[in-house]
Every structure is written in structure tokens, then in C-alpha cells.
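Using our numbering, the letters of the sequence shown correspond one by one to residues 13 to 143.
All C-beta atoms, glycine included, are put in the ideal place defined by N, C-alpha and C.
Structure, as C-alpha cells:
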Amino acid sequence: MKIVYAATEEQMDKIAELVRHMFTEVFPDYFTDEEITAFQRDRVLALPDDPTEQIGTLKAGYQMIASLQTIISILETEEHERDEHYAGLFEFNKFTLEQFGLHFPFSFSHFQKKHTDTFSMFKKAANRLLV
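Below, the structure written as C-alpha cells:
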């Protein structure tokens with residue numbers, strides 16, 4: 013008999029937080045607002061709405077968290093510092109996410125050059141204006 017532990021609510025929250033980070037901090041550096049809106053419409057990195065279909069096991073939750081953190085770390089590294097090792101890590105972690113049902117239709121080449129204009133409606137505000 014094998015005992016399998018289900019993913020925790022905290023894992024689900026952490027995955028949702030990492031996905032929000034991708035959309036608010038990473039994607040705006042590489043894609044236009046229109047493209048990001050299309051990603052949301054196409055359910056890129058979207059978890060299933062039904063909680064019974066989400067993640068599955070405790071191990072799967074940790075693997076998804078680790079894969080998202082690794083991809084974020086790679087994409088937040090300066091482009092000139094990335095080499096083929098980063099490309100391999102990116103593809104491995106992309107495959108892991110897709111195994112667990114997270115749609116991530118990008119290759120490493122999609123993230124080779126950052127946009128020079130960093131203004132985006134998806135980025136978090138640097139400060140708040142009190143009126």
C-alpha cells in the first residue's frame with residue numbers, strides 16, 4: 013500500500029503568487045500588453061477552476077513551485093549572463109509545468125531580448141498616490 017499526500021492550500025496559494033509574479037513582473041519586460049492579455053485569454057499558466065483537478069499530490073505541488081521559481085530566476089537574470097545551461101534548465105522546467113497541466117507555450121528564445129519601454133498596465137505600481 014502506498015500513501016500519497018494531497019497538495020496543500022498553501023502550495024496552491026504559492027503557485028498562484030508565482031503566476032501573478034510572472035504576469036506582473038516578468039512578462040511585461042518581454043511582451044506587449046496586448047500579448048499578455050491574449051495569454052490570459054488563452055489560460056497561460058492558469059490552474060484548473062475545480063479544486064479537485066488542481067495539482068494533485070504534495071510532491072507535484074513542490075515540483076510546480078520549484079519549476080516556476082527556477083523559470084522566474086532565469087528570466088530575471090540579465091540576458092548577457094545567460095548561456096546554454098540556462099536554456100536547458102528553462103526547457104526542463106517548462107516540460108515539468110506542462111506535465112502537471114500548466115499551459116506554458118514559450119521557448120527560451122521568446123525571452124532573449126527585453127523591451128526597452130517598460131511601461132505596462134500589468135506592472136505593479138512603483139508607488140501609490142494618495143488623493
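P60 and A78 have their alpha carbons spaced roughly 19 Å apart.
A direct Cα-to-Cα measurement between K26 and H122 gives close to 25 Å. In this structure, V56 is the residue among Y42, V56 and H92 with its C-alpha nearest to the C-alpha of L30.
A contact between stretches requires three or more CB pairs, one per stretch, nearer than 8 Å, and the segment 32-45 fails this requirement with the segment 98-115. T49 carries a helical assignment under DSSP once its states are collapsed to helix, strand and coil.
Residue environment: P40 is assigned as buried (16 or more neighbouring CB atoms within 10 Å of its CB, all protein chains considered). The Cβ atoms of S119 and K106 lie closer than 9 Å to each other.
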